[in-house]
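In the working numbering, the protein residues as written are 619 to 1192.
C-beta atoms are modelled at their ideal positions from N, C-alpha and C, and glycine is treated no differently.
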RNA sequence: CGGGGCGUAGCGCAGCCUGGUUAGCGCGCCUGCCUUGGGAGCAGGAGGUCGUAGGUUCGAAUCCUACCGCCCCGACCA
C-alpha cells in the first residue's frame, strides 16, 4: 500500500477525550475515529488490525472443530422473553419497537438466537457435539463506555456456542475451547492468564476469563506464586478461617457507648481502644432495589459480586448514604447487626469474632461486647469479602499476589439453563428428548487490539506484536526527488509485495522527521529506510521497532532477512 | 443513574471571573519560495451559528435558566 493514497490521519497532539494509552495511540495513529460515545469508525489501518485478530481467531476456532456462521444483530423481544432475559438483562440491552409496535433488541450476545437455531436444526445426538461461532458487531448500551476500544458500546466480538449430549461431553468441549483460547492469545503475542471467574449475567456453572496483563486493566486478579491458581478477585475463594475462639472464653454483656461524630472504623477503634479487626463493619447496598446489609470485619472490604451471588440477587448497587437513609430511616454511620431491620449477609470471618464493636443503629452510638450468634442471627453467612495478599491460596496455601488485567476472553459452561428455558432438546440413543448441555465462549476482538497496545508501547507510539501488525514492514523513501533512491525504494517495495509481505510504502512528500515519527507511532515491526545512506553506499537501513536495533545492509539482504524472519516468527507463533 | 469536569476553526487551547470595536494563539490545511536523516523556515491565505434554546441588558463567547453532547470516578462487561 502506498501511504500517499491511504487515509491514515496521524496527529502530533492527543485529542482531549482520551485517557488511557491505547485510546490515545489509536486516535493519534489514525486507527479509529469516534462517532458518538462508545461507537467508533475503524479507519483503514484500524480495520487491518481488526482483521488480523479475527483471522487468528478464525483459524484457531476452525482448527478446534468449530464452524463459523453469522447470526442477526436485530432480535425479537419474544425470544428473549423465552429465556427470561428480557426482564433480567437490564438497560444494557438496547430495546426498540418496529412499525407494528413489536419489541426488538440489538444483540449484546447470542445465546437466544443460537439456542433457537439448535432446537430447530440439531435434532439427534448423532449431530453432537456441535460448536458454532461468529465474528460480529455487538451492541451493549454500557452505563459508561470508556477508554476507546476497551469498553465500547458497539464492539466486535467472537462468540461461540457448544452443544453436547451430556455434562461430561460438555466439559470436553469446554476444555477444547480453553486450549483454543490459549493458542489464540499466544498467537496474538500477548502476555495473558486464564483465571477462574464469576459467571455474571450470562449465567452457568463455571467459567474462566482470559486476562491480558496490563496496568490499565479494569479487573484485579489474584495469582498464586507457588501453584498455578489464578482467579478474578470477584471470584477468588477465601479459605474459611480456623475457628480459634476459646469455648470457655468469657462473653461480655453488650454495652452502649456514646461515639458522637465517629462514623469511620478507624475513629471508633481509636476511641474504644480496639483495633479495626475488632469492629464489625456494616455496609448497606441495594439488591434488586431492596436494602441489604453486608457485614465484614472492620479491616476488610465487601466484594459486591460475592454478595450478589450469596443472596441470589440479579443486581447489587452501591448507593449514597442519603438514599439509604431515605429508604430505611437508619442512622448511616452507626449501623450494626443487632436489631437491624434488614436482611443481613455476613462474612464467615465475622461469625468468629468475640466481644466486638459495632454500630448501635442509633445516631452517635456504638455497642461493645457484641457476639455474633448470641446477639444477632444472620440471614446469609459465607465468603463475602475481597481477597488480599495476606490471604492464602485456596488450593495450595501459598502466597498470593494481585495484578491488573484486561478481560479479552471469557468461557462459560452453561449447562442446560438456556436449553431448558427455551425447550431446546435433541433425541438421545434411547429415543428420549434431552436438553442440550451448552457452553459459550467469547472474545472481545476489538478489545484485543486495545489490550495489545496497552501491553506494547513506548513514548514514540505503538509496538505491534508481528501477528497483529496492520502492516509488517514500512519502507521509507527519503529521497523522492532522487531517481536512484526512489527506484531502489520502489524495488524493495515490489520485491516484498511479491513475497507476500504486507508492506506500507511511505512515498509521501514529507520531510524525513515526519516519516520517522509516523513509522514509530504506527508500530510497524520492520522499517526499511532508503535515503542518503543508499545514495552513498548503495545500502538501506533496517530497524526493528521493538528493540530499535539498526543495521545497514543491501537491498537484497534486507528483503531476504525480512521474508525469512517474518516467516519463522509467524510459524513459531502458530 | 449518583458525584466531578468540559463544550470557542479539523485538532490542542486562551479569552469568560470584572459584558463594550473586525474573537485570538499553536498545530494542521491551501499557495509560493526555500529546505530534506527524527514532526524545519519565510511570506501570503482559507477556515468560527463561541454546543442549542430562551432570558437579563443599549450591548452577551462573557451574566441567568433549561436542554443537548462529551470526558473522568462508581455499579456493568468481550
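Could you work out which residue in the options is closest to residue i when comparing CA atoms only?
i            : options               : result
residue 780  : 925, 802, 729         : 729
residue 919  : 1104, 895, 1031       : 895
residue 690  : 681, 722, 1187, 717   : 722
residue 637  : 764, 651, 720, 873    : 764
residue 1168 : 1008, 1145, 1152      : 1145
residue 766  : 652, 848, 815, 725    : 652
residue 1192 : 1118, 1106, 801, 869  : 801
residue 770  : 807, 1066, 868        : 1066
residue 685  : 1118, 732, 726        : 732
residue 799  : 789, 788, 787, 812    : 812
residue 964  : 1152, 994, 1017       : 994
residue 1164 : 788, 748, 1138        : 1138
residue 857  : 827, 1038, 966, 824   : 966
residue 1207 : 878, 962, 873         : Because the chain here runs from 619 to 1192, residue 1207 falls outside it and cannot be looked at.
residue 1011 : 997, 849, 1063        : 849
residue 906  : 706, 1133, 692        : 706
residue 1052 : 868, 648, 737         : 737
residue 777  : 1104, 1062, 1002, 860 : 1062
residue 710  : 717, 726, 648         : 726
residue 923  : 1004, 682, 662        : 1004
residue 898  : 1161, 927, 817, 917   : 917
residue 999  : 951, 1006, 1047, 912  : 912
residue 830  : 794, 664, 675, 804    : 804
residue 768  : 1007, 809, 650        : 650
residue 873  : 989, 996, 824         : 989
residue 852  : 826, 1177, 1151, 876  : 826
residue 1096 : 926, 1184, 1124       : 1124
residue 1170 : 1177, 1160, 1179      : 1160
residue 794  : 683, 889, 750, 1128   : 683
residue 1088 : 644, 664, 646         : 664
Please report the Cβ distance between residue i and residue j, rounded to the nearest whole angstrom; I am assuming they are in contact, meaning their Cβ atoms lie under 8 Å.
i            : j            : result
residue 782  : residue 746  : 6 Å
residue 1060 : residue 1028 : 5 Å
residue 1045 : residue 743  : 7 Å
residue 1076 : residue 1153 : Not a contact, Cβ separation roughly 30 Å.
residue 870  : residue 973  : 5 Å
residue 839  : residue 900  : Rounded, the Cβ-Cβ distance is 29 Å, inconsistent with contact.
residue 678  : residue 1031 : Actually they do not touch by this definition, with Cβ atoms about 20 Å apart.
Got a sec, what are the start and stop residues for the alpha helix (DSSP H) residue i sits in?
i           : result
residue 792 : 785-805
residue 664 : 662-681
residue 889 : 883-890
residue 944 : 939-946
residue 738 : 729-739
residue 876 : First-last for residue 876: 873-876, but that is the beta strand (DSSP E), not the alpha helix (DSSP H).
residue 699 : 695-701
Is it the case that the CB of residue i approaches a heavy atom of the ligand GTP more closely than 7 Å?
i            : result
residue 1149 : The model depicted lacks the ligand GTP and carries no ligand whatsoever.
I need the boundaries of the beta strand (DSSP E) containing residue i, first residue and last residue.
i            : result
residue 816  : Premise fails: residue 816 is in no beta strand (DSSP E) and is neither H nor E.
residue 837  : 837-842
residue 782  : 772-782
residue 965  : 961-965
residue 650  : 650-654
residue 641  : Looking at the DSSP string, residue 641 is not in any beta strand (DSSP E); the run it does join, the alpha helix (DSSP H), is 639-646.
residue 691  : Element bounds for residue 691: n/a, residue is neither H nor E.
residue 1124 : 1121-1124
residue 983  : 983-988
residue 753  : 748-757
residue 565  : Because the chain here runs from 619 to 1192, residue 565 falls outside it and cannot be looked at.
residue 1197 : With the chain running from 619 to 1192 in the structure shown, residue 1197 is simply not present.
residue 834  : Looking at the DSSP string, residue 834 is not in any beta strand (DSSP E), and its letter there is neither H nor E.
residue 998  : 998-1000
residue 974  : 974-977
residue 713  : 713-715
residue 722  : 721-724
> Counting Cβ pairs, one atom from each stretch, are 3 or more of them under 8 Å apart for the stretch 754-767 and the stretch 655-667?
Replying inline: yes
> Is the number of C-beta pairs between the stretch 627-634 and the stretch 1062-1076 that are closer than 8 Å three or more?
Replying inline: no
>> If we require 3 or more residues per run, which beta strand (DSSP E) segments fall completely within the stretch 1045-1102?
In response: 1051-1053, 1055-1062, 1091-1095
>> Under 8 Å: do the stretch 693-711 and the stretch 663-671 share three or more Cβ pairs, one atom per stretch?
In response: no
>> When you compare the stretch 832-851 with the stretch 1021-1033, are there three or more beta-carbon pairs, one atom per stretch, that lie closer than 8 Å?
In response: yes
> Which runs of the alpha helix (DSSP H) spanning at least 4 residues fall entirely within the stretch 1128-1187, listed in chain order?
Replying inline: 1130-1140, 1150-1155
> Do the stretch 1072-1085 and the stretch 1141-1158 touch if we need at least three Cβ pairs shorter than 8 Å?
Replying inline: yes
>> Ignoring anything shorter than 3 residues, give me the beta strand (DSSP E) runs that lie fully in the stretch 1015-1039, in order along the chain.
In response: 1018-1033
>> Which complete beta strand (DSSP E) runs does the stretch 892-931 hold, if anything under 3 residues is left out?
In response: 898-905, 908-915
> Taking contact to mean at least 3 C-beta pairs separated by less than 8 Å, is the stretch 984-991 in contact with the stretch 923-942?
Replying inline: no
> Would you call the stretch 944-960 and the stretch 974-981 touching, i.e. three or more CB-CB distances under 8 Å?
Replying inline: yes
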